[in-house]
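S.K.: Chains as they are written, first to last, in full-length UniProt numbering: chain Y, 1 to 302; chain B, 1 to 218.
Quick reminder that beta carbons are idealized off the backbone N, C-alpha and C, glycines included.
Being a predicted model, the structure only gives us computed values, none of them experimental.
Here it is, the structure, as structure tokens.
Written out as structure tokens, the structure is:
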């Protein structure tokens, strides 16, 4: 009986690529699973989309699935030559992720439920296609974590010291160019007006988008892991630096033109200008790092 | 790309089961606040007479609660105690994004001391633990008691405890609404202890009242 079954299975297997119908079915297998995975997480999407669209700090999240899809697509030729297998580790990851998702959904922990979208997809790829395919797609898969906004409570913990730091450094710089100011907590008092360095000005909000950009650039950087690490590690200080430039600049303008420079269009504009400035710095760093011919370029680690 | 039949069907089953459970959980719906009640808290508490106050609109926008109660209570000798309650329904996640540890230094106050103290309040099975902060700005002091309250009579002093309670409440009761309660008074250095004693008594009286004025959700 067993033997008979085995014969059928092996027959089916060897027939599979030749029959066009079977071919179509097997091509549809993964899209079916992927679509179902997408449907399973339906309660998570409204609030996630809302966070992306209505909180400018998280708007880079919208781009993440598209960027990840692009990087996965660019691997399509490589994928054909990679051996397929099945990994039961993947099954474990899939089941754990889905279970934890259900618990998080029932318990109202949005961030955990959102993270499980990414981990369950990882589990599914690993389970269905095995370790080699997973390795090939590792970057786009891990990159998907950027679509999950960091919860406000976590941001809040780090925001306060950064906020005070930005206020202190900016106050110092404003004083250094000869404008008299007095600081109390996060309030900066000028002779004519006053400014509050709000939580949003702590710089922490732009850290995530700078980090995401630096990771993309590091992935494209044809160099050693050391160079990639330098690029990614510079994202946080760069975000803080750009933020201090903005706070200081706003403070100096406020001294001359009043606190309207910290509101409305001018404030939005300075935000965009400073972000562009930070991005130019990051991109210059990328160009600089990719131009230098490293000694260890030929090493297998690169 | 071809995958093994067994892998495909196993994945398919796991996903269908998850979807079924998701639909069952979704049937519970998200509760809405139908009566906030906390605003009906008596104006006369423990010999103090209350007076309503308001923050500026921008503060309310930032705090984004379902109900704020902000009152000054004054006794016969003119001593004043401030009461603030910010209530967040389940839909708002049951908690405030702000707490004194962030807001005091941001407003230029230093935290001179921070400890947990226990209070005895009527209607609670055992003594409750709340936070006591002494804030200082120059020569002025403010003595502050604050805690999170959930499910009527659950008092939680740390954010971590609150998160556990929110999770458990949501899983088993489909409700994780909560309130941040802050009771404070201005003081001078020499009478800090006496003022703190006064707000502790006041806090015990408020604690005894709160479960009877807990909001309703459906």
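Report the neighbours of residue 21 of chain B on chain Y: residues whose CB is nearer than 8 angstroms to its CB, in chain order.
M.R.: Those within 8 angstroms of residue 21 of chain B in chain Y are 102.
S.K.: Listing by chain order, which chain Y residues have their CB less than 8 angstroms from the CB of residue 113 of chain B?
M.R.: By Cβ distance, chain Y contributes nothing, its closest Cβ being about 18 angstroms from residue 113 of chain B, past 8 angstroms.
S.K.: For the region 174-187 of chain Y, list every residue whose C-beta sits within 9 angstroms of some C-beta in chain B, in sequence order.
M.R.: The residues in question are 183, 184, 185, 186 and 187.
S.K.: Is residue 201 of chain Y buried or exposed, if buried means 16 or more other CB atoms sit within 10 Å of its CB?
M.R.: The residue in question, residue 201 of chain Y, is buried, as its Cβ has 16 or more Cβ neighbours within 10 Å.
S.K.: Between the alpha carbons of residue 128 of chain B and residue 19 of chain B, how many angstroms are there, rounded?
M.R.: Between residue 128 of chain B and residue 19 of chain B, the C-alpha separation is close to 42 angstroms.
S.K.: Taking the alpha-carbon of residue 84 of chain B as reference, which of B:28, B:182 and B:12 has the nearest alpha-carbon?
M.R.: Nearest C-alpha to residue 84 of chain B: B:182.
S.K.: Here's a check: name, in chain order, each residue in its chain whose Cβ is nearer than 8 angstroms to the Cβ of residue 298 of chain Y, leaving out the five neighbours to either side.
M.R.: Low confidence applies here, because residue 298 of chain Y scores a pLDDT of 46, under 50, leaving its location unreliable and the question unanswered by this model.
S.K.: Looking at the structure shown, is residue 332 of chain Y part of a helix, part of a strand, or coil, going by DSSP?
M.R.: Outside the shown range of chain Y, which is 1 to 302, sits residue 332 of chain Y, and nothing can be said about it.
S.K.: Here's a check: name, in chain order, each residue in its chain whose Cβ is nearer than 7 angstroms to the Cβ of residue 12 of chain Y, leaving out the five neighbours to either side.
M.R.: A caution first: residue 12 of chain Y carries a pLDDT of 37, below 50, which makes its placement in the model unreliable, though a value can still be read off. Once the five neighbours on either side are set aside, residue 12 of chain Y has no close Cβ partner at all.
S.K.: Starting from the beta carbon of residue 231 of chain B, find every residue of chain Y whose beta carbon is closer than 7 angstroms, and list them in chain order.
M.R.: Lying outside 1 to 218, the shown extent of chain B, residue 231 of chain B is not represented and no answer is given.
S.K.: So, residue 121 of chain B versus residue 187 of chain B, is the Cβ gap smaller than 9 angstroms?
M.R.: No, these two residues do not count as a Cβ contact at 9 angstroms.
S.K.: Taking the beta carbon of residue 77 of chain B as the centre, do at least 16 other beta carbons fall within 10 Å, making it buried, or is it exposed?
M.R.: By the neighbour-count rule (16 or more Cβ atoms within 10 Å), residue 77 of chain B is not buried but exposed.
S.K.: Interface residues of chain B around residue 65 of chain Y at Cβ under 8 angstroms?
M.R.: Those within 8 angstroms of residue 65 of chain Y in chain B number zero; the least Cβ separation is about 19 angstroms.
S.K.: Consult DSSP for residue 219 of chain B and reduce its assignment to one of helix, strand or coil.
M.R.: Because chain B in this structure spans residues 1 to 218, residue 219 of chain B falls outside the shown range and cannot be described.
S.K.: Applying the 10 Å Cβ sphere with the 16-neighbour rule, what's the burial state of residue 64 of chain B?
M.R.: That one is exposed.
S.K.: Whole angstroms is fine: what's the gap from residue 177 of chain Y's alpha carbon to residue 249 of chain Y's?
M.R.: Between residue 177 of chain Y and residue 249 of chain Y, the C-alpha separation is close to 12 angstroms.
S.K.: Using three-state DSSP, classify residue 49 of chain B as helix, strand or coil.
M.R.: In this structure, residue 49 of chain B counts as strand in the three-state DSSP scheme.
S.K.: Would residue 215 of chain B count as contacting chain Y if we go by Cβ distances under 9 angstroms?
M.R.: No, residue 215 of chain B does not count as interfacial toward chain Y.
S.K.: Report buried or exposed for residue 135 of chain B, applying the criterion of at least 16 other Cβ atoms within 10 angstroms of its Cβ.
M.R.: Buried is the call here.
S.K.: I'd like to know whether the C-beta atoms of residue 100 of chain B and residue 146 of chain B end up nearer to each other than 9 angstroms.
M.R.: Yes, these two residues count as a Cβ contact at 9 angstroms.
S.K.: What does residue 29 of chain Y touch in chain B if you count any residue whose Cβ is under 7 angstroms from its own?
M.R.: The answer, in chain order, is 3 and 8.
S.K.: With a threshold of 9 angstroms between beta-carbons, can residue 269 of chain B be considered close to chain Y, or not?
M.R.: The question about residue 269 of chain B has no answer here: the residues shown for chain B are numbered 1 through 218.
S.K.: For the region 24-35 of chain B, which residues have a beta carbon sitting closer than 7 angstroms to at least one beta carbon of chain Y?
M.R.: Answer in chain order: 25 and 26.
S.K.: Since residue 3 of chain B and residue 30 of chain Y are thought to touch, with beta carbons under 8 angstroms apart, how far apart are those beta carbons, to the nearest angstrom?
M.R.: Yes, they are in contact, since the Cβ atoms of residue 3 of chain B and residue 30 of chain Y sit about 7 angstroms apart, within 8 angstroms.
S.K.: Would you say the region 104-119 of chain B touches the region 177-187 of chain Y, given that touching needs at least three Cβ pairs under 8 angstroms?
M.R.: Yes: at least three Cβ pairs fall under 8 angstroms.
S.K.: Whose C-beta lies closer than 7 angstroms to the C-beta of residue 174 of chain Y among residues of the same chain, with five residues either side of it excluded?
M.R.: These residues qualify, in order along the chain: 181, 248, 251 and 252.
S.K.: Taking residue 114 of chain B as part of the alpha helix (DSSP H), name the residues at either end of that continuous run.
M.R.: Element bounds for residue 114 of chain B: not the alpha helix (DSSP H) but the beta strand (DSSP E), 110-119.
S.K.: Can you list the beta strand (DSSP E) stretches of 3 or more residues lying completely in the region 224-268 of chain Y, in chain order?
M.R.: Those beta strand (DSSP E) runs which fall completely within the region 224-268 of chain Y and span 3+ residues do not exist here.
S.K.: Is the separation between the beta-carbon of residue 155 of chain Y and that of residue 205 of chain Y shorter than 9 angstroms?
M.R.: In this structure, residue 205 of chain Y lies closer than 9 angstroms to residue 155 of chain Y by Cβ.
S.K.: Compare the C-beta of residue 91 of chain Y against all C-beta atoms of chain B and say whether one is closer than 9 angstroms.
M.R.: At least one chain B Cβ lies under 9 angstroms of residue 91 of chain Y.
S.K.: Sorted by chain position, which residues of the same chain lie with C-beta nearer than 7 angstroms to residue 203 of chain Y's C-beta, five sequence neighbours on each side aside?
M.R.: These residues qualify, in order along the chain: 162, 166, 239, 240 and 243.
S.K.: For the candidate residues Y:260, Y:218 and Y:137, whose alpha-carbon lies nearest to that of residue 193 of chain Y?
M.R.: Closest by alpha carbon: Y:260.
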